[in-house]
Amino acid sequence: MDASWYVLLALLLGFAVGAASVHLLGIAAQRGRQVMAIASESVPDGIAAMVQVLESAGVVLDGSNQVILSSPGAEALDLVEGRTLRSHEIADAVRRVWRTGEAEVLDLLHRRGRIGTGNQVHLRVRVAPLGNRFMLVLASDRTEELRLAGVRRDFVANISHELKTPIGALQVLAEAIEAGAEEPERVRSFAQRMQLEADRLGRMTKELIDLSRIQADDPLEHAERFPIARVVDVAVDRNRVLAEAKRMRIIPRVLEEAEVLGSEELVTMAVQNLISNAVQYSPEATHVGIGVRVTDGVVEVAVSDKGVGIAAEEQERVFERFYRVDPARSRVTGGTGLGLSIVKHVAVSHGGEVTLWSRPGQGSTFTLRLPAAAAPARKEIHDAHPDRRG
Ligand code: ADP
Numbered sequence: 001m002d003a004s005w006y007v008l009l010a011l012l013l014g015f016a017v018g019a020a021s022v023h024l025l026g027i028a029a030q031r032g033r034q035v036m037a038i039a040s041e042s043v044p045d046g047i048a049a050m051v052q053v054l055e056s057a058g059v060v061l062d063g064s065n066q067v068i069l070s071s072p073g074a075e076a077l078d079l080v081e082g083r084t085l086r087s088h089e090i091a092d093a094v095r096r097v098w099r100t101g102e103a104e105v106l107d108l109l110h111r112r113g114r115i116g117t118g119n120q121v122h123l124r125v126r127v128a129p130l131g132n133r134f135m136l137v138l139a140s141d142r143t144e145e146l147r148l149a150g151v152r153r154d155f156v157a158n159i160s161h162e163l164k165t166p167i168g169a170l171q172v173l174a175e176a177i178e179a180g181a182e183e184p185e186r187v188r189s190f191a192q193r194m195q196l197e198a199d200r201l202g203r204m205t206k207e208l209i210d211l212s213r214i215q216a217d218d219p220l221e222h223a224e225r226f227p228i229a230r231v232v233d234v235a236v237d238r239n240r241v242l243a244e245a246k247r248m249r250i251i252p253r254v255l256e257e258a259e260v261l262g263s264e265e266l267v268t269m270a271v272q273n274l275i276s277n278a279v280q281y282s283p284e285a286t287h288v289g290i291g292v293r294v295t296d297g298v299v300e301v302a303v304s305d306k307g308v309g310i311a312a313e314e315q316e317r318v319f320e321r322f323y324r325v326d327p328a329r330s331r332v333t334g335g336t337g338l339g340l341s342i343v344k345h346v347a348v349s350h351g352g353e354v355t356l357w358s359r360p361g362q363g364s365t366f367t368l369r370l371p372a373a374a375a376p377a378r379k380e381i382h383d384a385h386p387d388r389r390g
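Sequential numbering from 1 applies to the sequence shown in my numbering.
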């Protein structure tokens, strides 16, 4: 039962002891209220005020099921047309409640807007008599709540699927080792593949823990100030081995000194993920550039590569958990599909965002944008790794 339901009960009581009736249309106009009174019918004073403050959408009907009052929320949900309720399901419930005198709760799909299929919203609707002359309809939009529940369900399904693949591979490889025990060459090759799968499982477990930690904690609650230049240095450092293995150079250009407020560890993890992706999804001996600048109080860390790029239709999806453009390639690189969702969560939890520019075959630029903690000062260009080729 939500707060509005209690308000309603309190009002019903008030109504029962005979609250004064007023001429609603005049009063609403007089006091500049936003409640929309459709007819100049007498309704108890407190009810207009209540409908105004309700979080849910509220509609009051008279004994002939004509709408005499509707709240701005009800207008937004498009519940009323002229003096009638648009939804047959709600109108039927109103008729039932008149008959039985018992309040009802119903869940239904409601179409907002009149063109095409419009936009469907999931409503929880409560219908209750207001004394014996009026009927109150309260509706709350549960679309977002249900969507989130769906995302959580998908997440659990995804995790089980993602974990099954490497675990299954480990099982098959262990059996193969057992069967091929006499052939050391094959055993060695199976053992190497086992190691790869075990590494992947380890990485996935770590990233899942990171992700749930970021989602559970608010980094701004125990925020610390830290320089973005240090974040870039550490993140570049953590990718050095990976880059050297592909004869790649990582070139940071920190043009401005700026500080960010939040968790240094998480922001470093985000930049590190962007750099490791840039290295992973680029051909050998290419460059990865990192630019830092501050514009209008926003620190931007842009990581650019000359790699495979991402098609326009995939660009939104790469930030979803477990989404990979090319799952086969990702299996080879040991990708978990979690890196960018971590970046996105870090950005959002610091009051920022991550944007993407990319063209297939040309490369990508991921930009982490975070609110700056201090006024920036200019700093000379420096190249942390002047020549790392070969
Ligand atoms: P993964 O562990 O697979 O790298 P991410 O969440 O980090 O997972 O990335 C999701 C997908 O986005 C990757 O599988 C890849 O297809 C694509 N992607 C990420 N970064 C880049 C990049 N710099 N260049 C091209 N594709 C990228």
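C-beta: ideal position from N, C-alpha, C; glycine also.
Three-state secondary structure (DSSP) of residue i
| i | result |
| --- | --- |
| phenylalanine 190 | helix |
| asparagine 239 | coil |
| glycine 345 | Note that residue 345 corresponds to histidine in the displayed sequence, not to glycine. Histidine 345 falls in the helix class under three-state DSSP. |
| aspartate 326 | coil |
| serine 304 | strand |
| leucine 261 | strand |
| serine 70 | strand |
| histidine 88 | helix |
| valine 105 | strand |
| glutamate 207 | helix |
| alanine 157 | helix |
| methionine 248 | coil |
| arginine 142 | coil |
| leucine 220 | coil |
| proline 283 | coil |
| glutamate 55 | coil |
| glycine 150 | helix |
| isoleucine 290 | strand |
| glutamate 314 | helix |
| glutamate 81 | strand |
| arginine 321 | coil |
| leucine 196 | helix |
| aspartate 387 | With a pLDDT of 45 at aspartate 387, under the threshold of 50, the modelled position of this residue cannot be trusted, and the question is left open. |
| alanine 270 | helix |
| leucine 338 | coil |
| glycine 352 | coil |
Alpha-carbon spacing of residue i relative to residue j, whole angstroms
| i | j | result |
| --- | --- | --- |
| serine 358 | lysine 164 | 32 Å |
| valine 325 | glutamate 183 | 37 Å |
| leucine 54 | arginine 111 | 22 Å |
| isoleucine 94 | threonine 143 | It is worth fixing the name first, because residue 94 is valine in this sequence and not isoleucine. Going by the C-alpha atoms only, they are around 23 Å apart. |
| valine 231 | threonine 268 | 5 Å |
| valine 288 | glutamate 145 | 41 Å |
| valine 59 | leucine 138 | 7 Å |
| alanine 229 | phenylalanine 190 | 43 Å |
| valine 22 | valine 348 | With a pLDDT of only 35 at valine 22, under 50, the local geometry of the prediction cannot be trusted, and no value is derived from it. |
| glycine 297 | glutamate 257 | 12 Å |
| alanine 49 | aspartate 62 | 17 Å |
| glycine 32 | glutamine 52 | For glycine 32, the predicted model reports a pLDDT of 36, less than 50, meaning its position is unreliable; a value from the coordinates is still stated below. One C-alpha to the other measures close to 11 Å. |
| alanine 103 | valine 97 | 6 Å |
| leucine 255 | glutamine 195 | 41 Å |
| glutamine 272 | valine 234 | 8 Å |
| alanine 174 | alanine 372 | 51 Å |
| arginine 238 | arginine 225 | 21 Å |
| glycine 131 | valine 121 | 30 Å |
| alanine 29 | isoleucine 68 | Residue confidence for alanine 29 is low, a pLDDT of 36 falling below 50, so the modelled location carries little weight; the figure read from the coordinates is stated next. Distance between the alpha carbons of alanine 29 and isoleucine 68 is about 14 Å. |
| arginine 247 | glutamate 284 | 6 Å |
| leucine 208 | histidine 161 | 14 Å |
| leucine 274 | aspartate 218 | 22 Å |
| serine 40 | leucine 148 | With a pLDDT of 46 at serine 40, under the threshold of 50, the modelled position of this residue cannot be trusted, and the question is left open. |
| valine 279 | leucine 261 | 28 Å |
| phenylalanine 134 | threonine 295 | 57 Å |
| arginine 389 | alanine 181 | The pLDDT assigned to arginine 389 is 38, lower than 50, so where the model puts this residue is not dependable, and the model offers no usable value. |
| valine 292 | serine 304 | 11 Å |
| glutamate 316 | leucine 340 | 11 Å |
Counterpart residues of residue i in DSSP-defined beta bridges
| i | result |
| --- | --- |
| tryptophan 357 | Thr365 |
| threonine 295 | Val298 |
| histidine 122 | Leu109 |
| methionine 135 | Leu61 and Pro129 |
| leucine 370 | Val299 |
| arginine 253 | Gly291 |
| arginine 230 | Arginine 230 pairs with nothing; no bridge assigned. |
| arginine 225 | Leu261 |
Residue-level contact to chain C via CB, residue i, 7 Å cutoff
| i | result |
| --- | --- |
| alanine 278 | Judged by its chain identifiers, the structure shown contains no chain C, having just a single protein chain. |
### Task
Report yes or no: do the segment 229-245 and the segment 308-323 share at least 3 C-beta pairs separated by less than 8 Å?
No, they do not touch.
### Task
Count the CB pairs spanning the segment 42-51 and the segment 118-127 that are closer than 8 Å, and state whether there are at least three.
In this structure the segment 42-51 does not touch the segment 118-127; the number of beta carbon pairs closer than 8 Å is below three.
### Message
I want to know whether the segment 210-222 touches the segment 185-193 - three or more CB-CB distances under 8 Å.
### Response
Verdict: no, contact absent.
### Message
Any contact between the segment 164-178 and the segment 194-208? By contact I mean 3 or more CB pairs, one from each, below 8 Å.
### Response
Contact between the segment 164-178 and the segment 194-208 is present: 3 or more CB-CB pairs across the two stretches fall below 8 Å.
### Query
Per the contact definition of three or more C-beta pairs closer than 8 Å, is the segment 358-370 in contact with the segment 301-312?
A contact exists between the segment 301-312 and the segment 358-370.
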